[in-house]
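A.B. asks:
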Amino acid sequence: MTYRTFFPVALLATFLISACSHANKKHQDPKIRTVNDDKADSLLISYDPAKGDKWIANFVDNLHKKYGFNGNMLVAKDGKILYEKAIGWADYLHRDSLKINSEFELASITKTFTGVAIMQLVEQGKLKLTDNVKQFYPNFPYEDITVKLLLTHRSGMMNYVYFSDGVWKDKKKPMSNLDVMNLIAQYKPNRYAKPDTRFHYNNSNFMVLGAIIEKVTGKKYSDYMMENVFKPAGMKHTHVYSTTAYSKIPVDVVGHDRTWKYSVVQNFLDGPVGDKGIYSTIHDLVLYDNALKKGRLLKQASLDSAYTGHNKAINGHFNYGYGWRMYDGENGRKVVYHTGWWHGFRHIYVRDIQKNIVIVFLGNLTNGSLMHLDDLYKHLGVPVIRKGAYTGKGSMPGSDED
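Just so you know, we're using our numbering here: the sequence shown kicks off at 9 and counts up by one.
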């Protein structure tokens with residue numbers, strides 16, 4: 009081959025290799041992480057205490073001293089942590105202090121993850137929002153309950169947390185999601201309402217969704233979430249812990265109910281997952297927010313559906329989508345969030361989509377301190393995320409909370 013023929017061939021080969029490389033990057037699975045992803049994430053969760061927001065610091069100190077907040081908190085804006093702090097006890101009995109990377113039982117913040125997993129399966133064509141629960145569990149005793157009605161708390165189901173307490177014989181033996189599904193099939197407890205007639209927040213909806221995830225994928229909920237949500241999002245300190253797999257949940261944070269006199273011991277109700285059961289840190293919740301915004305976990309169309317209110321607005325602004333609570337304001341203002349309240353843990357996780365603000369308060373003392381965040385919201389220019397701060401026809405503040 010002469011130089012005159014070799015050079016054009018080599019040039020063409022270089023062009024084709026470059027084009028293929030570009031195409032591969034363009035179509036690369038967003039769930040596959042790279043070294044650069046880890047570097048970018050490390051910057052998102054880096055924090056210099058010397059540069060912390062002094063107003064927020066004073067606010068949090070007051071929240072602790074005046075209202076008894078005990079837990080870990082963080083505020084981030086535009087990919088930068090403005091302030092973070094671990095304040096108080098991880099376990100009062102042993103006088104163990106909280107650490108900034110302590111893992112908390114997220115309680116109902118777990119529901120946002122379950123919603124993401126369901127929408128992933130919808131994107132993959134493995135299930136549809138219109139699918140009936142009976143397609144997955146033929147002995148399910150209720151008619152006309154679909155995946156969408158579960159996601160939006162419109163199924164009318166009873167709350168398994170209260171129902172199962174009376175029929176689960178061995179309280180020392182933890183229940184699984186399948187156990188609860190079998191109990192429902194056996195006892196056929198009365199529903200609160202007919203399907204799709206009203207919004208009624210309760211844990212049964214997302215416990216059933218957790219069971220559907222396991223049936224559709226053939227994997228444990230914990231394994232599916234690790235492979236398809238936690239790892240792609242870079243959440244290295246997030247796990248699903250169930251008492252069906254762990255006699256003692258392997259974290260250092262204990263929930264305390266209202267006063268330090270009572271630490272809440274995990275029991276058979278800590279077995280079912282999907283409605284709760286995910287443990288995480290304030291930093292990993294920042295990475296979760298980032299992964300959602302970057303399209304790592306879901307396509308934008310799926311996120312838009314998840315962030316759309318599918319119920320009648322409460323007090324003019326508050327609604328529920330697919331696993332997300334939300335505040336809808338004027339001119340398309342959208343804030344999505346979720347609260348959590350379970351076995352001595354009380355949280356709120358707020359994501360202001362427009363202003364790119366993340367607010368995380370993870371508490372392990374359920375004393376009502378998180379009802380006093382109004383001034384922080386105002387300082388940040390975020391709508392006040394408290395139903396009682398608004399007027400309008402709707403439920404009383406907190407009546408449909410976790």
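Where a beta carbon is used, it is the ideal one built from N, C-alpha and C, also for glycine.
Given the structure is predicted, the values throughout are model-derived calculations rather than measurements.
Do residue 291 and residue 113 come within 8 Å of each other at the CB atom, strictly closer than that value?
C.D. replies: Contact flag unset, no.
A.B. asks: Name, in chain order, the residues that DSSP records as bridge partners for residue 411.
C.D. replies: The question about residue 411 has no answer here: the residues shown for the chain are numbered 9 through 410.
A.B. asks: Quick one: what's got a C-beta closer than 6 Å to residue 30's C-beta in the same chain, skipping five residues either side?
C.D. replies: The predicted position of residue 30 is uncertain, since its pLDDT is 49 and thus under 50; a value taken from the coordinates is nonetheless stated next. Taken in chain order, the list of residues that qualify is empty.
A.B. asks: Are residue 145 and residue 189 closer than 8 Å when you measure CB to CB?
C.D. replies: In contact: residue 145 and residue 189 (Cβ atoms closer than 8 Å).
A.B. asks: Return yes when the Cβ of residue 126 is within less than 8 Å of the Cβ of residue 217, no when it is not.
C.D. replies: Cβ distance < 8 Å, so residue 217 and residue 126 count as in contact.
A.B. asks: Would you kindly check if the distance between the Cβ of residue 215 and the Cβ of residue 263 is under 8 Å?
C.D. replies: In this structure, residue 215 does not lie closer than 8 Å to residue 263 by Cβ.
A.B. asks: Evaluate residue 151 with the Cβ neighbour count: other Cβ atoms within 10 Å of its Cβ, from every protein chain shown; 16 or more gives buried, anything less gives exposed.
C.D. replies: Residue 151 should be labelled exposed.
A.B. asks: In whole angstroms, give me the CA-to-CA distance for residue 313 and residue 116.
C.D. replies: One C-alpha to the other measures close to 20 Å.
A.B. asks: Alpha helix (DSSP H) containing residue 121: first to last residue?
C.D. replies: 118-131 is the span of the alpha helix (DSSP H), which, as asked, contains residue 121.
A.B. asks: Quick one: which unbroken alpha helix (DSSP H) runs of 4-plus residues sit fully inside the stretch 121-190? Chain order, please.
C.D. replies: DSSP runs (the alpha helix (DSSP H)) wholly in the stretch 121-190: 155-159, 168-171.
A.B. asks: Helix, strand or coil for residue 54, going by three-state DSSP, please let me know.
C.D. replies: If DSSP states are grouped into helix, strand and coil, residue 54 belongs with coil.
A.B. asks: Grab me the residues of residue 141's own chain with a C-beta within less than 8 Å of its C-beta, minus the 5 sequence neighbours each way, in chain order.
C.D. replies: So the qualifying residues of the chain are 148, 150, 153, 154, 155, 158, 216, 220.
A.B. asks: May I ask you to list the residues that DSSP assigns as paired with residue 360?
C.D. replies: Looking at the DSSP assignment, residue 360 forms a beta bridge with 343, 365.
A.B. asks: Closer than 6 Å by C-beta to residue 234: which residues in its own chain qualify, once you throw out the five before and the five after it? Chain order, please.
C.D. replies: The answer is none, since no qualifying residue turns up.
A.B. asks: I'd like the span of the alpha helix (DSSP H) that includes residue 212, first residue to last.
C.D. replies: It spans 212-225 - the alpha helix (DSSP H) in which residue 212 sits, taken as one unbroken run.
A.B. asks: Per DSSP, which one or two residues make a beta bridge with residue 336?
C.D. replies: In the DSSP output, where bridge partners are listed per residue, residue 336 has 342.
A.B. asks: When DSSP builds the beta bridges, which residues end up paired with residue 105?
C.D. replies: For residue 105, which the question treats as bridged, DSSP gives the partners 97.
A.B. asks: For the candidate residues 76, 376, 81, 387, whose alpha-carbon lies nearest to that of residue 363?
C.D. replies: Comparing Cα positions, the closest option is 387.
A.B. asks: Given that a residue counts as buried once 16 or more other Cβ atoms are within 10 Å of its Cβ, and exposed if not, what is residue 92?
C.D. replies: Classification of residue 92: buried, given that the 10 Å Cβ count is 16 or more.
A.B. asks: Secondary structure at residue 385, three-state DSSP: helix, strand or coil?
C.D. replies: Helix.
A.B. asks: Terminal residues of the continuous alpha helix (DSSP H) containing residue 294?
C.D. replies: Residues 290-301.
A.B. asks: Between which two residues does the alpha helix (DSSP H) containing residue 233 stretch?
C.D. replies: Unbroken alpha helix (DSSP H) run through residue 233: 229-233.
A.B. asks: Leaving out the 5 sequence neighbours to the left and right, which residues in its chain are closer than 8 Å to residue 111 when beta-carbon positions are compared?
C.D. replies: Same-chain partners within the cutoff: 245, 246, 247, 259, 260, 261, 287, 288, 289.
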